[in-house]
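Note that the protein sequences, when read in sequence, are chains A and B. The first sequence lines up with residues 0 to 284 when you count with numbering that gives the first Met the number 0. The second sequence lines up with residues 0 to 59 when you count with numbering that gives the first Met the number 0.
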Amino acid sequence: MNWLAKSVLAKWLLPEQCPLEGPISAKKNLNRDCSDKVRGRFFSGSNGLFGCSGSEDKLQGNLSPAKDASGITSGQGKKMEAGKGEPLTNESGRVPSRDKPDYFAGVLSALVPGLGQLFQGRAFKGWIFLGCVYFLFFYGWILGGRSNVYLPRAEQCVPFKTNIVRVAFGIPFPKPLYYRWQYVGQVGVGIAAWPAIIQCYWADEENEPDVTPPLLGKYLKAPPERELNRLQTEGDASWELAWVFTVAAGLLNLLGIYDALCGPAVIPDKKSQGTDSPPLAKGAN
Amino acid sequence: MWQSIFWHIPALVIPVSLVYGATRFENPRDIFWEAIHWMRRLVVFLTTIAIVVHLLTWLV
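1) With 16 other CB atoms within 10 Å as the buried threshold, where does residue 102 (chain A) fall?
2) For residue 37 (chain B), which residues of its own chain have a beta-carbon under 6 Å away from its beta-carbon, when the five flanking residues on both sides are left out?
3) Would residue 123 (chain A) pass as an interface residue toward chain B - the criterion being a Cβ-Cβ separation below 7 Å?
4) For residue 241 (chain A), which of A:138, A:95, A:132 and A:93 has the nearest alpha-carbon?
5) Pull out every residue of the segment 138-155 of chain A whose Cβ sits closer than 7 Å to any Cβ of chain B, in chain order.
6) For the alpha helix (DSSP H) containing residue 246 (chain A), name the first residue and the last one.
7) Suppose contacts are defined by Cβ-Cβ distances below 7 Å. Is residue 120 (chain A) in contact with residue 93 (chain A) by that definition?
8) Buried or exposed: where does residue 107 (chain A) fall if 16 or more other Cβ atoms within 10 Å of its Cβ makes it buried?
9) Do you know offhand how far residue 245 (chain A)'s Cα is from residue 12 (chain B)'s?
10) May I have a chain-ordered list of the alpha helix (DSSP H) segments no shorter than 4 residues that lie completely inside the segment 104-130 of chain A?
11) Considering only residues of the same chain and omitting the five flanking positions on each side of residue 151 (chain A), which have a CB-CB separation below 8 Å?
12) On the criterion of 16 or more Cβ atoms from any shown chain inside 10 Å, does residue 188 (chain A) qualify as buried, or is it exposed?
13) With a CB to CB cut of under 6 Å and the five nearest residues on each side skipped, what residues in its chain are close to residue 111 (chain A)?
14) Could you please tell me which residues of the segment 160-182 of chain A, in chain order, have their CB closer than 8 Å to any CB of chain B?
15) With a 10 Å radius around its C-beta and 16 neighbouring C-beta atoms as the bar for buried, classify residue 124 (chain A) as buried or exposed.
16) Does residue 127 (chain A) get closer than 7 Å to chain B when you measure Cβ to Cβ?
17) Can you give me the Cβ contacts of residue 252 (chain A) inside the same chain, cut-off strictly under 8 Å, excluding the 5 residues immediately before and after it?
18) Pick helix, strand or coil for residue 152 (chain A), following the three-state DSSP scheme.
19) Does any C-beta atom of chain A lie closer than 7 Å to the C-beta of residue 17 (chain B)?
20) Applying the 10 Å Cβ sphere with the 16-neighbour rule, what's the burial state of residue 258 (chain A)?
21) Name the chain B residues that come within less than 7 Å of residue 237 (chain A), Cβ to Cβ?
22) Just to check my reading of the structure: residue 134 (chain A) and residue 14 (chain B) have Cβ atoms closer than 8 Å, yes? What is that Cβ distance to the nearest angstrom?
23) Buried or exposed: which applies to residue 162 (chain A), given that a residue is buried once 16 or more other Cβ atoms fall within 10 Å of its Cβ?
24) Where residue 209 (chain A) and residue 229 (chain A) are concerned, what is the direct C-alpha to C-alpha distance, given to the nearest angstrom?
25) Which class does residue 93 (chain A) belong to by DSSP, given the choice of helix, strand or coil?
26) For residue 258 (chain A), which residues in chain B fall below 8 Å Cβ to Cβ?
27) So if I threshold CB-CB distances at 8 Å, which residues from the segment 92-107 of chain A count as touching chain B?
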């Protein structure tokens, strides 16, 4: 399983070939170092424009594998200090911690799933977040007839200029979200769901169904009421299932944002012992 | 049968499991194993719910 992941990383996700050059000659570590070298180039910069500084050190031969292991994060996500003033890194990039959250990466992941992890040099996880969240979101969107991610103006219910609805105990609530609360979850996927906000304020879905903003077209435009009724009454429960998929995608990205912000959850588990993870350094716990 | 909505369940279970595994580990191998564990748990949970709902439907 592990060789497969390494092969995918080195050959497909990071397509640049790794010339086996430089002082590193230990065949045992070539595969991992190759991935790091490629990643360092992929994110460009002498010190890793996107923070992959650890790989450059290894390429220069400054750190032996054993020494290197004392300055990186284990496969279990336990933190170890790389030294004063040096970033925390592991073989898959710079890993943030709860003590030192990476706010910029968190913002990037909030915009595009996995972008924060890619920024940190954690390419494998970045592609997992990007692929899985977007797959789930667009799968649900297409399954729902491209009509389940939207914000309605609901002009016929309450005039749009009274844009606030009083809910329980008189609490004010934005009317579009009141009529389409699912969007609160869907917007978690980031900028892919933002056009619904523009569409909501651009035109009324009932009286101006063909009026669309430039570039966006009808992407995430609220369907007319009769179309929604048709989707919900005809066929099976696919339309309902589909919006659950899109909401699940948005909520999953919240986990991705937290991972970019504070790193992986720490699970002291014996299962990970004996894997290819670097050994724990003395005093790491 | 062929148009059952249950065919869409793998499209939900697999990404959810992978993402959940990725939030817990850094090592690809650990991520995959955690994802497989979560797939099993989710399938068992969803199957249980489906059986209960079908039983209720049959009773009513």
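Don't be surprised by glycine CBs; every beta carbon is placed ideally from N, CA and C. Being a predicted model, the structure only gives us computed values, none of them experimental.
Answer, in terms of the structure:
1) Under this definition residue 102 (chain A) is an exposed residue.
2) Excluding positions up to five away in sequence, the list reads 16 and 19.
3) When Cβ-Cβ separations below 7 Å define contact, residue 123 (chain A) makes contact with chain B.
4) Looking at the Cα atoms, A:138 is the closest of the given residues.
5) Cβ contacts with chain B come from 138 and 142.
6) Boundaries of the alpha helix (DSSP H) around residue 246 (chain A): 237-261.
7) Between residue 120 (chain A) and residue 93 (chain A), the CB-CB gap stays under 7 Å.
8) Classification of residue 107 (chain A): buried, given that the 10 Å Cβ count is 16 or more.
9) The alpha-carbon atoms of residue 245 (chain A) and residue 12 (chain B) are separated by roughly 13 Å.
10) Those alpha helix (DSSP H) runs which fall completely within the segment 104-130 of chain A and span 4+ residues are 114-118.
11) Only 175, 178, 179, 199, 204 and 221 meet the Cβ criterion.
12) Buried is the call here.
13) So the qualifying residues of the chain are 189.
14) Answer set for the segment 160-182 of chain A: empty.
15) It is buried - the Cβ of residue 124 (chain A) has at least 16 other Cβ atoms within 10 Å.
16) So, interface residue.
17) So the qualifying residues of the chain are 108, 109, 112, 128, 132, 187, 188 and 189.
18) Looking at residue 152 (chain A) - three-state DSSP - the assignment turns out to be coil, as it is neither helix nor strand.
19) Judged by the 7 Å Cβ criterion, residue 17 (chain B) is in contact with chain A.
20) Residue environment: residue 258 (chain A) is assigned as buried (16 or more neighbouring CB atoms within 10 Å of its CB, all protein chains considered).
21) The contact set of residue 237 (chain A) on chain B, defined by CB atoms closer than 7 Å, consists of 4 in chain order.
22) At roughly 6 Å, the Cβ-Cβ gap stays under 8 Å, so residue 134 (chain A) and residue 14 (chain B) are in contact.
23) So residue 162 (chain A) ends up on the exposed side.
24) Approximately 19 Å between the Cα atoms of the pair.
25) Looking at residue 93 (chain A) - three-state DSSP - the assignment turns out to be strand.
26) Neighbours of residue 258 (chain A) on chain B, chain order: 21 and 22.
27) Interface annotation for the segment 92-107 of chain A against chain B: 94, criterion Cβ-Cβ distance under 8 Å.
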